[in-house]
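Engineer:
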Amino acid sequence: MRKAFCESLVNKSSNKDFVFLTGDLGFMALEPLCTAMQDRFINAGVSEQNMVSVAAGLAKSNLRPWAYSIAPFIYARPFEQIRNDVCLHSLPVILVGNGGGYGYGVMGATHHALEDYGALLTLSGMRAFIPAFDEDIKPMVDTLFKTNNPCYLRLGVTELPKCFQLPEYNSWRKLLDGDGPTLLVIGPLVGGILQHLINLDKSIRPNLWLLSELAPTKFPDEFICDLNRSGHLCVVEEHCSHGGAGQMIAYLLLKEGKQPTRFTTKTALGYPSGKYGSQKYHRAESGLDPISICKHLGI
Amino acid sequence: MLAYETLDQYEALQKKARTMLVKMHYESNAGHVGGNLSALDILLCLHHAVIEKDDLFVLSKGHAAGALYITLWTMGKIPEPELSTFHKDGTRLSGHPPVHGIPEVQFATGSLGHGLSLAAGLALGKKLKQEKGRIYCLTSDGEWNEGSCWEALIFAKHHKLDNLTFIVDSNGLQGFGTTKEVADLGSLAEKFKIFGIETIEVNGHDPSSILSALQNKTTLKAIVAKTMKGKGASFMENKMEWHYLPMTKDQFLQATKELS
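So the protein sequences, as listed, match chains A and B. So the first sequence is residues 62 to 360, counted in the working numbering. So the second sequence is residues 52 to 311, counted in the working numbering.
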């Protein structure tokens with residue numbers, strides 16, 4: 062996904078207001094952007110607190126700063142700078158976190174971001190964008206260049222099944238029809254789930270939805286139709302339960318007076334065994350792998 | 052540009068500002084008066100004789116907001132009746148600089164260690180946009196306990212932000228002791244010099260000394276201003292408790308008498 066991200070930003074490099082800051086990360090990925098941006102590509106060094114405040118100062122100067130790091134380092138270390146300097150002042154700083162969820166796998170817990178968008182979305186005006194596929198990056202980048210809000214972009218690794226015809230980008234997308242439960246997924250792990258479900262018979266498989274922008278403020282009519290028919294909504298995300306998309310969806314359902322018969326979530330559980338491994342390993346430990354999800358849905 | 056041209060004129064401005072600062076804090080029953088009095092001369096000099104149309108100022112030691120409001124009042128930018136709303140319900144003059152409502156306030160500050168980075172961002176923004184003007188930032192000395200200050204210093208030096216001047220209000224007292232007792236950094240000026248930053252040490256209550264240090268506007272510059280917490284009110288001077296305490300009526304009357 063970083064390649065698609067870099068390409069999309071290179072295409073924006075002629076925008077003289079665009080400034081890109083990195084916390085000394087992006088080796089073997091962002092070099093084309095560095096070349097394209099020249100003096101507007103700023104390696105701020107290993108100093109995320111300073112980088113975010115500098116970005117706020119740039120945004121106050123009517124520039125369009127993007128600040129990039131590994132996901133936990135862009136939202137957790139400089140959280141107060143995001144809160145005070147960016148969000149209190151409603152500045153359009155774009156925070157980019159690479160490797161959301163368990164993306165950095167066996168690198169260990171310090172490199173994982175299991176509460177990133179939940180924490181950030183408590184802040185005034187903040188919006189979060191979670192692309193699931195490389196194809197989502199360009200439309201998101203276009204949106205992020207137009208927004209006046211502080212935003213968080215959580216990058217991961219695309220797992221789009223071959224030959225799957227991806228619908229045009231929308232914050233809500235229905236990826237599969239199915240007569241089973243309604244399954245709503247956030248982020249790139251939807252790729253593996255899609256791959257697993259695509260060959261199942263429509264009569265048993267879930268109707269699969271993908272949500273890419275948080276926090277949601279309304280439901281698509283078709284989603285509510287699916288939900289009314291299935292009665293069971295399961296929200297799946299590589300994020301902890303508290304402050305996650307599942308809670309946002311539950312809140313919105315209650316607010317709109319729409320209550321499914323059954324509401325469940327599958328979320329990141331942390332480190333149940335105390336052992337470390339790949340992203341796939343951690344997803345499986347949390348029951349976020351396709352087989353565990355199908356089992357949970359009774360398929 | 053100069054709102055005062057002689058020392059006598061400055062002393063009149065200083066007296067007026069100090070007296071009103073103490074009155075405003077007394078009437079609102081607010082603390083932090085000591086650190087406001089230590090910063091006041093620097094703020095008066097900066098705003099009356101240095102900062103021009105294209106320049107910007109960031110108050111990193113947000114707890115000196117009162118001194119900034121008083122300075123803006125002396126310039127006619129905050130009306131006098133509004134000073135009596137300081138620290139009270141419905142005011143725009145909050146205890147630390149507000150997000151909205153005062154054009155001279157670029158950023159709401161108060162949590163220490165943010166201002167120099169914000170100022171660096173503004174300075175970098177001006178350079179990228181090839182705009183005129185200089186960024187001024189006032190920090191406290193205790194604030195340099197924050198690691199983010201040093202991050203900002205490294206960044207400003209490395210990116211050659213020669214349109215940035217920062218001033219340290221070095222009153223030697225912080226939240227729960229002297230700077231030496233709490234986290235002895237030795238000489239901040241020497242440390243800035245080791246980073247390769249042009250650094251000048253001045254008497255932070257002497258306007259000619261402050262203004263002389265602010266003259267060169269061509270390099271990244273640090274000014275360490277030796278000041279006194281509670282300056283001007285004898286019972287407050289160099290006393291840590293005046294970082295926090297509001298004044299009693301007797302203390303207010305005594306301070307007013309001394310400052311007048």
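No residue lacks a Cβ here, since even glycine has one placed at the ideal position from N, Cα and C. This structure is a prediction, so every number in the text was calculated from the model and none was measured.
May I ask you to report which of helix, strand or coil DSSP gives Lys-272/B?
Structural biologist: Note: Lys-272/B maps to strand in three-state DSSP.
Engineer: Bridge partners for Phe-81/A per DSSP, in chain order?
Structural biologist: Phe-81/A pairs with Phe-102/A and Trp-127/A.
Engineer: Per the DSSP calculation, Leu-215/B is bridged to which residue(s)?
Structural biologist: In DSSP, Leu-215/B forms a bridge with Ile-186/B.
Engineer: In this structure, does DSSP put Ser-191/B in helix, strand or coil?
Structural biologist: It is a strand residue.
Engineer: For Asn-87/B, report the span of its alpha helix (DSSP H) as first-last.
Structural biologist: From DSSP, the alpha helix (DSSP H) with Asn-87/B extends over 84-96.
Engineer: Apply the 10 Å Cβ neighbour rule to Tyr-312/A and answer buried if 16 or more other Cβ atoms are within range, or exposed otherwise.
Structural biologist: So Tyr-312/A counts as exposed.
Engineer: If distances are taken between C-alpha atoms only, which option among Ser-122/A, Val-218/A and Asp-195/A comes closest to Met-183/B?
Structural biologist: Per the sequence shown, the amino acid found at residue 183/B is Lys instead of Met. The shortest C-alpha separation from Lys-183/B is found at Ser-122/A.
Engineer: In whole angstroms, what separates the C-alpha of Ala-137/A from that of Trp-124/B?
Structural biologist: Approximately 39 Å between the Cα atoms of the pair.
Engineer: Would Met-52/B be called buried (16 or more neighbouring beta carbons within 10 Å of its own) or exposed?
Structural biologist: Only weak support is given to the placement of Met-52/B: the predicted model assigns it a pLDDT of 41, under 50, and the value that follows is read from those uncertain coordinates. Classification of Met-52/B: exposed, given that the 10 Å Cβ count is below 16.
Engineer: Mind checking which residues open and close the beta strand (DSSP E) that includes Arg-234/A?
Structural biologist: 233-237 is the span of the beta strand (DSSP E), which, as asked, contains Arg-234/A.
Engineer: I'd like the ranges of any beta strand (DSSP E) spanning at least 3 consecutive residues and lying wholly in the region 243-316 of chain A.
Structural biologist: Fully enclosed beta strand (DSSP E) runs of 3 or longer: 243-247, 268-272 and 293-298.
Engineer: Kindly indicate which three-state DSSP category Gln-225/B falls into: helix, strand or coil?
Structural biologist: In the structure shown, Gln-225/B sits in a strand (DSSP, three-state: E or B).
Engineer: So, is the C-beta of Phe-286/B closer than 8 Å to a C-beta in chain A?
Structural biologist: So no, Phe-286/B is outside the interface.
Engineer: Pick from Val-71/A, Phe-324/A and Leu-275/A: whose alpha carbon is nearest that of Ala-189/A?
Structural biologist: Looking at the Cα atoms, Leu-275/A is the closest of the given residues.
Engineer: I'd like the span of the alpha helix (DSSP H) that includes Leu-72/B, first residue to last.
Structural biologist: Looking at the DSSP string, the run of the alpha helix (DSSP H) that includes Leu-72/B is 58-79.
Engineer: Could you tell me whether any Cβ in chain A is nearer than 8 Å to the Cβ of Thr-216/B?
Structural biologist: No, Thr-216/B lies away from the interface with chain A (no Cβ there is under 8 Å from its Cβ).
Engineer: Determine contact between the region 225-243 of chain A and the region 278-293 of chain A, defined as no fewer than three beta-carbon pairs at a distance below 8 Å.
Structural biologist: Contact between the region 225-243 of chain A and the region 278-293 of chain A is present, because at least three Cβ pairs lie under 8 Å.
Engineer: Kindly indicate which three-state DSSP category Glu-155/B falls into: helix, strand or coil?
Structural biologist: Glu-155/B: coil per DSSP, three-state reduction.
Engineer: Give a yes or no on contact between the region 162-177 of chain B and the region 134-148 of chain A, applying the rule of three or more CB pairs nearer than 8 Å.
Structural biologist: Contact between the region 162-177 of chain B and the region 134-148 of chain A is present, because at least three Cβ pairs lie under 8 Å.
Engineer: With C-beta atoms as the reference, is Ile-254/A less than 8 Å away from Pro-153/A?
Structural biologist: Contact flag unset, no.
Engineer: Taking the beta carbon of Leu-304/B as the centre, do at least 16 other beta carbons fall within 10 Å, making it buried, or is it exposed?
Structural biologist: Under this definition Leu-304/B is an exposed residue.
Engineer: With a cut-off of 8 Å on the beta carbons, I'd call Ser-191/B and Lys-112/B a contact; round off their distance for me.
Structural biologist: Indeed they touch by this definition, with Cβ atoms about 4 Å apart.
Engineer: What residues in the region 123-136 of chain A bring their beta carbon closer than 7 Å to a beta carbon of chain B?
Structural biologist: Within the region 123-136 of chain A, the residues whose Cβ lies closer than 7 Å to some Cβ of chain B are Leu-124, listed in chain order.
Engineer: DSSP three-state label for Phe-108/B, please.
Structural biologist: Strand.
Engineer: May I ask you to report which of helix, strand or coil DSSP gives Thr-208/A?
Structural biologist: Three-state DSSP puts Thr-208/A in coil, outside helix and strand.
Engineer: How would you call Gln-266/B, buried or exposed, if buried means at least 16 neighbouring beta carbons within 10 angstroms?
Structural biologist: The residue is exposed, with fewer than 16 neighbouring Cβ atoms inside 10 Å.
Engineer: If you check the beta carbons only, do Leu-215/B and Ala-100/B fall under 8 Å apart?
Structural biologist: Cβ distance not < 8 Å, so Leu-215/B and Ala-100/B don't count as in contact.
Engineer: Just the C-alpha distance for Leu-214/A and Asn-254/B, rounded to the nearest angstrom, thanks.
Structural biologist: Looking at the two C-alpha atoms, the distance is approximately 48 Å.
Engineer: Taking the continuous alpha helix (DSSP H) assigned at Val-218/A, which residues delimit it?
Structural biologist: Note, Val-218/A: premise wrong, no alpha helix (DSSP H); not H, not E.
Engineer: Got a sec: is the Cβ-Cβ distance from His-165/B to anything in chain A below 8 Å?
Structural biologist: It does; some Cβ of chain A falls within 8 Å.
Engineer: Could you give the first and the last residue of the continuous alpha helix (DSSP H) run that contains Glu-133/B?
Structural biologist: Where Glu-133/B is concerned, the enclosing alpha helix (DSSP H) stretches over 131-134.
Engineer: Looking at chain A, which residues of the region 139-158 of chain B have a Cβ within less than 7 Å of any of its Cβ atoms?
Structural biologist: The residues in question are Val-150, Gln-157 and Phe-158.
Engineer: What residue range is occupied by the uninterrupted alpha helix (DSSP H) comprising Ala-171/B?
Structural biologist: Counting along the chain, the alpha helix (DSSP H) containing Ala-171/B begins and ends at 166-179.
Engineer: Within the 8 Å Cβ cut-off, does Phe-206/B reach chain A?
Structural biologist: Output row for Phe-206/B: interface = yes.
Engineer: What's the C-alpha gap between Ala-207/B and Leu-175/B?
Structural biologist: Those two C-alpha atoms are separated by around 9 Å.
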